[in-house]
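Inspection log for the structure reproduced underneath, given as structure tokens.
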Amino acid sequence: MGSLASELRHRVVIQQYVDQRDQYNNSTGKVWSEYKTLWGKLSGFSGKDLIAAKAAGSEVIARLKLRKRDDITTEMRVLFKGKAYQITSPPMPDDRDGNTYMTLMLSLAEEPL
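Take numbering that gives the first Met the number 0: the final residue in the sequence shown is number 112, and no numbers are missing along the way.
Right, here's the structure in full:
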């Protein structure tokens with residue numbers, strides 16, 4: 000278990016899309032706001048996997064492994080090294096017991112940072 004924890008070496012930011020308010024509590028529009036900063040393992044797909052995914056109509060280009068949490072949804076996005084990734088499906092539990100790690104499938108986000 001310790002060796003797997005050392006794989007989580009990438010610092011990622013989870014953002015959520017929230018309603019921004021001014022000092023009078025009036026809505027000024029929606030913005031991406033930092034929700035959590037976490038350790039994870041972000042890995043891209045191989046060229047062969049990307050070609051197969053594109054042929055199947057999928058936009059998924061990477062996966063992110065995190066410690067299991069219940070508060071991350073597909074309404075959020077991930078920031079890593081200046082790129083924004085959209086979470087494309089609900090978190091998938093790990094293969095072992097389903098209670099230690101989870102994997103998020105990611106596509107490049109179209110919205111600006």
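Ideal Cβ placement from N, Cα and C applies to all residues, glycine included.
Buried or exposed, going by whether 16 or more other CB atoms sit within 10 Å of the CB of residue i?
i	result
Gln19	exposed
Gly46	exposed
Val11	buried
Gly39	buried
Spatial neighbours of residue i within its chain, please: C-beta separation below 6 Å, excluding the five flanking residues on both sides.
i	result
Lys35	Ile13
Thr102	Arg62, Lys64, Met91
In its own chain, which residues sit with a C-beta less than 7 Å from the C-beta of residue i, not counting the 5 before and 5 after it?
i	result
Ala108	Arg76, Ala83, Tyr84, Gln85
Thr27	Gln19, Arg20, Asp21
Please say whether residue j and residue i have beta carbons closer to each other than 8 Å?
i	j	result
Lys67	Asn25	no
Ser5	Val59	no
For residue i, list the residues DSSP reports as bridge partners.
i	result
Tyr113	Not covered by the structure: residue 113. The range shown for the chain is 0 to 112.
message: My parser needs the alpha helix (DSSP H) runs of 4 or more residues fully inside the segment 38-102; what are they?
response: Listed in chain order, the complete alpha helix (DSSP H) runs (minimum 4 residues) inside the segment 38-102 are 46-54.
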